[in-house]
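Student:
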Amino acid sequence: MLHQYEKLVLHSLKLGSKTLDELAESTGLNKDSAGRACYWLKDKGAVEIHETVTQGFKLGEEGKKFLESGFPEFNLIKKLHAGKSFNEFSDEEKRIGLPWAKRNGWVEIEGNTFKLSKLGEKILREGQHEVVLLKKISRGESPGKEDIDAVKALLGRGDVLRTTESKQLSLSITKKGEGLAGKEAVDISGKIHSHGDVSVRKLVNTLTKEDITTGRWKEKEYREYDDSPVERSRPGKKHPLRKAISRIRKIFIELGFEEMEDRLVESSFWNFDALFQPQDHPARDLMDTFYLSSPEKIPLPKDEVVDRVKKAHEEKWKYKWSREVAEQAVLRTHDTAISPQYMLKVRKGERKAPAKFFTVGRVYRNEATDFKHLSEFHQVGGIIVYEDATFRDLLGLLKEFYRKLGFEKIRFSPSYFPYTEPSLEVEVYYEERKQWLELGGAGVFRPEVCLPTWGKYPVLAWGLGLERPTMLMMGLKDIRQFYRNDVSWLREARV
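Position in the sequence shown counted from 1, then plus 9, gives you the numbering used here.
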């Protein structure tokens, strides 16, 4: 299928070879459009393109200056002829004009004086040929054979003359092109094309609103669509996990939650102590937690909350609480580490109760990886700070959250966490492996967590996995697929 521009070009070239300028004029197209059509036709073997490179010249900055005020050497011999002394010469005439006048043989030196030579007198009478050449080039004319020596001299003289190159395209139709042309031309410019026995048929590119409302579309003939296969585009796209995060954020915001601003590096105080996890708990060992060497410690808040947390640990767990242990810097093991900090905000009046908060972020645990476990993964956490909240409210919220994600077959199992009581685990049935898959934990914060931070009780809390439910939604069998940097999979992946 030929583009209408191609048809115009072919029918014009049937009358004879043309330059690109001539082709543009005969078709009514601009040069760019005519040129594109020619290269399309060349790829189809319908036209031949011959490129001619022509060398030209243009004035440089010095050339423009000399054309206006004259060459320094010519100005110098004019002053000599007028009887001017050396002291009356300009700096340019002394520095540039004198050496060139001597090189050209226009002046002679007798003792300490200069005088015009016979050649110099001749140049004064006839004029300097280089000036004539500059005028000719400035008018866009090409130098003649008589200018060859002057051109060579000026090209070697600073920025007086510059060379240019211009390309001229000559176009001719091939036998294949004549066959493709047929006997039909297309008018897109409003001009009438009458080339021999070629009939003119006017095609329309665009269907407008006016064409439809007035019924004019019935009287027009429209250009056909080219249904040739094209290469599939590969635009940038979001990672499946990024899409899942956006979806989860939308769900919580629709439920009236505020997103918490958190960070990946926390002090052990917020990651463990504020959540009533004793300092000798096995989960705080190096086998389960990534401790940092830089920064090695994070200062604790200058607030009474530290003393209240210390008191809760020493009274309930019966051990000597260590500030140094609480200051240890860790990669957070759960996003629940931000929850007591927002509970403290409510206590200080920075947020009003009842309040609902959520967060989606990356967490780290020093454990082995398999098809359903990672050492670096995402969690979906949140809290409801409300004195009248109940355990049933928590179950209802979690069920509604997973329902909005598209899961119906879920169950809650009793569990244990140091900072919640009662506690539960959320599980979804995984059809591929015919087993229930744990998605996260939830519960009611213990008074030892609520009272030091918020000052009241209770607070509903949860920490859910992100990769696992996303894996189920995408039908994946291995959670590690998200981090394999498989470009082919990323292109085709759908959540």
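Heads up, the beta-carbon is just placed ideally off N, CA and C, and yes, glycines get one too.
Keep in mind it's a predicted model, so treat the numbers as computed, not measured.
1. Please tell me whether F410 and I488 are closer than 9 Å, where the distance is taken between their beta carbons.
2. Buried or exposed: W471, going by 16 or more other Cβ atoms within 10 Å of its Cβ?
3. Since R371 sits in a beta bridge, which residues does DSSP pair it with?
4. When you compare the CB positions of R332 and V314, do they come within less than 9 Å of one another, or not?
5. Let's test the definition: count the other Cβ atoms within 10 Å of the Cβ of S208 and tell me whether it reaches 16, buried, or not, exposed.
6. Would you list the residues sitting across from L170 in a DSSP beta bridge?
7. Measuring only the C-alpha atoms, how far is F491 from L250?
8. As an exercise, report each continuous alpha helix (DSSP H) stretch of at least 4 residues that is fully enclosed by the region 296-367, in chain order.
9. Select from R455, L68 and E15 the residue whose C-alpha is nearest the C-alpha of G54.
10. Which of the three DSSP states is assigned to D156 in this structure?
11. Quick check on V394: does DSSP put it in helix, strand or coil?
12. For S181, which residues in the same chain have their Cβ closer than 6 Å to its Cβ, ignoring the five residues on either side in sequence?
13. Would the beta-carbon of R241 fall within 9 Å of that of L414?
14. Taking 9 Å as the cut-off, decide whether the C-beta atoms of T429 and R401 are in contact.
15. At the level of alpha carbons, what is the spacing between S302 and V389?
16. Less than 8 Å between the CB atoms is what I'm expecting for S432 and G450, so what's the real figure, rounded?
17. Going by other Cβ atoms of all chains shown within 10 Å of its Cβ, with 16 needed for buried, is A110 buried or exposed?
18. Looking at L133: is its Cβ nearer than 9 Å to the Cβ of V160?
19. Helix, strand or coil, according to DSSP, for Q444 in the structure here?
20. For G450, which beta-bridge partners are listed by DSSP?
21. How big is the Cα-Cα spacing for D236 and T61?
22. Is the beta carbon of R374 closer than 9 Å to that of F299?
23. Is I392 closer than 9 Å to F366 when the C-beta atoms are compared?
24. Going by Cα to Cα distance, which pick from A43, E31, D30 and L29 is closest to Q13?
25. Cα-Cα, which of Y328, L340 and K320 is closest to I307?
26. Whether or not the region 82-102 and the region 212-227 are in contact is what I'm after, with contact meaning three or more pairs of Cβ atoms, one per stretch, closer than 8 Å; do they touch?
27. Could you tell me whether the Cβ atoms of S424 and A335 are closer together than 9 Å?
28. Starting from L414, follow the beta strand (DSSP E) in both directions and report where the run begins and ends.
29. Rounded to the nearest angstrom, what separates V169 and R148 at their Cα positions?
30. Would you check if the distance between the CB atom of A321 and the CB atom of F285 is smaller than 9 Å?
Tutor: This is what the structure gives:
1. no
2. buried
3. H387
4. no
5. Note that S208 has pLDDT 43, beneath the 50 cutoff, so the model's placement of it is unreliable and the number below is only indicative. With fewer than 16 Cβ atoms within 10 Å of its Cβ, S208 is classed as exposed.
6. L68
7. 8 Å
8. 314-325, 332-335 and 348-357
9. E15
10. helix
11. strand
12. S26 and E57
13. no
14. no
15. 28 Å
16. 6 Å
17. buried
18. no
19. strand
20. E434 and G472
21. 36 Å
22. yes
23. yes
24. A43
25. L340
26. no
27. no
28. Looking at the DSSP string, L414 is not in any beta strand (DSSP E); the run it does join, the alpha helix (DSSP H), is F400 to L414.
29. 16 Å
30. yes
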